[in-house]
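One structure is given below, encoded as structure tokens.
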Amino acid sequence: MISLLLRRNWIGRLHLTLTLFGLPCSVCIHAIRPSLSSSLSHCYMTSQIFRSITTSCPKLNKTSDQTMPSLAAPHVKARCQEYPGSKVKRLLVPDDKVGWSRRWPEYRPVGYTAPSVLNKPVWADPDIGSFSPKFNTLDGAVDRTSFEGCYKVENGMPLNPCGRTGLTGRGLLGRWGPNHAADPIVTRWKEDSKKGKVLHPVSKRPILQFVSIKRKDCGQWAIPGVGDGGSRGASLPHAAAGVLRRGVKLVGRFGGGESQNSRAHQKTFQFYRLSGSATFTLSPTRRQVFKGYVDDPRNTDNAWMETVAVNFHDESGLISIAESVGVKLLPPRKKITVMLIGNHSAGKSSFINWYVEEHIQRTGVAIETQGFSFVTSGRKRESLTGNATLHLYPHFKPLQEFKGVSEYLSTEICTSRQKRFSLVTFVDSPGLVDGDMKYPFDVDEVILWLGDLCDLILVFFDPMGQALCKRTLNIVESLNETHGDRLRFYLSKADEAGGESDRQRVMMQIVQELCKRPGLNKCGFDMPTIYIPNPNKVRDLLVQLFSLVTVLLQPSASVPPQPSRCVNQIEEVCRTVEKTINQTVQNTLNSLEKDCELIGDAITETLASDRLTSSANRRARCKSCFLTLLGFCVPLALMALLVLGAMSQELLEALLGREGTETLSLYLVSGPASARRGEGGR
């Protein structure tokens, strides 16, 4: 899949990105702290410096210089002067008066609960006077225990275990007491095209990537998480499912000397390696990295945030996760595919050479391209043929079903980074001719099959050759029936078509011939004129100047013909390719969004099925234990009866007494009912 450019006007919308560990990062740096505070302040180290990535925003913490708490004091953000989302001012709490153990009779905090909480949404508690919550225990479906241990309750209201904040009530939080959250930290190792780990150029260590989001309220990067809906045990799967469902707007972030936008546009990103919520049940590589109190600006004296942060390391990727839950996904391709078709000597190979600025394809008057040649970028110059090409492009393996095609497949890999070549794979097709020309395979069917997989199809008409080749027109008509939006027509070698009137006449003939076709007569044709810029333009000008001087010195000499002026729209082809790249990105993102929804639903169903299966297994185990116990008890009872029946009357009376022996005899002979009647008669 093609990496999407980072656009500044996306602030306020949710994005997922892969942020690189160990590279210079200018986002989410709010404080330099030597410890991992929470999911809202996850730290990593770069060059011996800890930089925190936090979901709390400095813009929301408008604390003046006079009221700035010390960084060494507890919950600094929870004592910010202005409560977020409001104009309510907290009471200033000095560092030495934070703890509840410090006496402070003059402490008169401000009371505030946000209107959104007072409207009684489903995720919020009622007012403290209208119900009786059970603190420090499981209160129905709501877990009111704290990761920090037992907290104090004063006048029926819980007290923040980390001390005073200068504000009572709940603020923006829904629960009285602890408000549980969960933060899944989904990570993976950065890999190259050969699935090898990429090493940092300085530290020579593998680069770790993780999933982060861009907050809508302040535009800062943070670890994705979820608030508690009542049970903190269900928070992590829910959080990971949210990460998976929102994981479609991706941006590659790179550090280094080049422009960030330029780097992002040149890089490709493999979304199918992103981990999702299935990691919670399908991957054993998970580790809890933090559990406890969160220093959050929304905290108050009576309501505070707590979280569990768990690292889920992805070793399999989205495709493997989808397969494990029965969803089949097609991995997005890293590059778009552009196929060039046209008559013999239409300039297809010459255009590819011009685009990559290297002489990759052979050109000439003779038919140089007899098969299909794939031209792509790579780290080193290579040439592949036959099955090696199909191994490089697995989605083209069905070409083996066409007789004779495999022997005429080739791949040219070059190191060019010109234009957008790193994001494009060109397919150079054989020159199409009429007559007795025999192809070693069914070229028409192969081109039509490739048209289904290509993102863009460029049709070149040569004004000096067989521009009206029937084979070309037949293929174009067939492609237009299913992929008309991918076709683009160009008059190639326009500089060799004579004057402007000659070019217009040739274009008119081509358009008229196309309009005669039933499948094409309803299409509007736009046919820009293109030609390969002459690299020897200066030399040609000198030759023309010399010819003019010769005419002036020799009046009898004839005036050489002046080259006609022809508008070269070859840059329009480059813009079309770039536009196709952007459209492919959007289409891929839309497909990924649907795929993520499918995987999320499948994971939810799998988890529900697992719960039902687990419950059924527990019932089956209980039933099995009961039957096993019954199977032991029945033989023991029968054995006891046999032993008692074999004992003499005197021995029974000695062991049980006379009354006990008579009662036992009644039970064994007549049953419990007769025994009770016998006792009643006595």
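Read left to right, the sequence shown gives residues -28 to -1, 1 to 654 (mature numbering (1 follows the signal peptide of the UniProt record, and there is no 0)).
For each residue, glycine too, the CB sits at the ideal point set by N, CA and C.
Buried versus exposed, by CB contacts within 10 Å (16 or more), residue i
i	result
Leu623	exposed
Ala580	exposed
Ser382	buried
Ser620	exposed
Gly71	exposed
Asn452	buried
Lys176	exposed
Pro87	exposed
Phe604	exposed
Gln333	buried
Arg443	buried
Glu278	buried
Ser587	exposed
residue 658	An answer regarding residue 658 cannot be provided, because it is not within the stretch -28 to 654 covered by the chain.
Cys426	buried
Gly143	buried
Thr585	exposed
Thr556	buried
Thr140	buried
Gly376	exposed
Local conformation of residue i per DSSP, three classes
i	result
Pro150	strand
Glu329	coil
Asn315	strand
Thr635	helix
Glu120	coil
residue 670	Only positions -28 to 654 of the chain appear in the structure, and residue 670 is not among them; the question remains open.
Ala466	helix
Ser88	helix
Ser247	Residue placement at Ser247 is poorly supported in this model, since its pLDDT is 33, which falls under 50; the coordinates still yield a value, given next. The answer is coil: DSSP assigns Ser247 none of H, G, I, E or B.
Leu356	strand
Pro370	helix
Leu301	coil
Ala113	coil
Gly168	coil
Gly629	helix
Gln390	coil
Bridge-paired residues (DSSP) for residue i
i	result
Asn283	Ile157, Arg259
Met129	Glu126
Ala275	Gly149
Ile308	Val396
Trp72	None, per the DSSP bridge assignment.
Leu404	Asn315
Val266	Met277
Beta-carbon proximity list for residue i, same chain, < 7 Å, skipping 5 on both sides
i	result
Val415	Pro402
Val65	Arg51, Arg136, Thr137, Gly138
Pro46	Val70, Cys134, Gly135
Ile100	Gly128, Met129, Trp148
Lys465	Gly319, Asp434, Pro435, Met436, Tyr503
Residue range of the unbroken alpha helix (DSSP H) whose run includes residue i
i	result
Lys566	542 to 618
Thr361	359 to 364
Glu78	Per DSSP, Glu78 belongs to no alpha helix (DSSP H) and is neither H nor E.
Glu485	472 to 487
Lys442	442 to 455
Val65	No alpha helix (DSSP H) contains Val65, which DSSP labels as neither H nor E.
Val94	Counting along the chain, Val94 falls outside any alpha helix (DSSP H), and DSSP gives it neither H nor E.
Residues near residue i by beta carbon distance below 6 Å, same chain, minus five either side
i	result
Leu356	Thr383
Glu485	Leu440
Val280	Ala154, Lys263
Ala96	Val89, Gly146
Delimiting residues of the beta strand (DSSP E) encompassing residue i
i	result
Leu425	Element bounds for Leu425: not the beta strand (DSSP E) but the alpha helix (DSSP H), 415 to 425.
Cys52	From DSSP, Cys52 is part of no beta strand (DSSP E); its letter is neither H nor E.
Asp400	396 to 400
Tyr462	459 to 463
Glu384	381 to 386
Phe140	Here the sequence assigns Thr to residue 140, which means Phe is not the residue at that position. Per DSSP, Thr140 belongs to the beta strand (DSSP E) from 139 to 143.
Ser345	344 to 349
Gly83	82 to 85
Leu428	428 to 433
Close beta carbons around residue i, own chain, < 8 Å, minus the five adjacent residues each side
i	result
Cys122	Asn108
Asp111	Pro105
Leu459	Ile429, Val431, Val448, Leu451, Asn452
Leu420	Ile447, Ser450, Leu451
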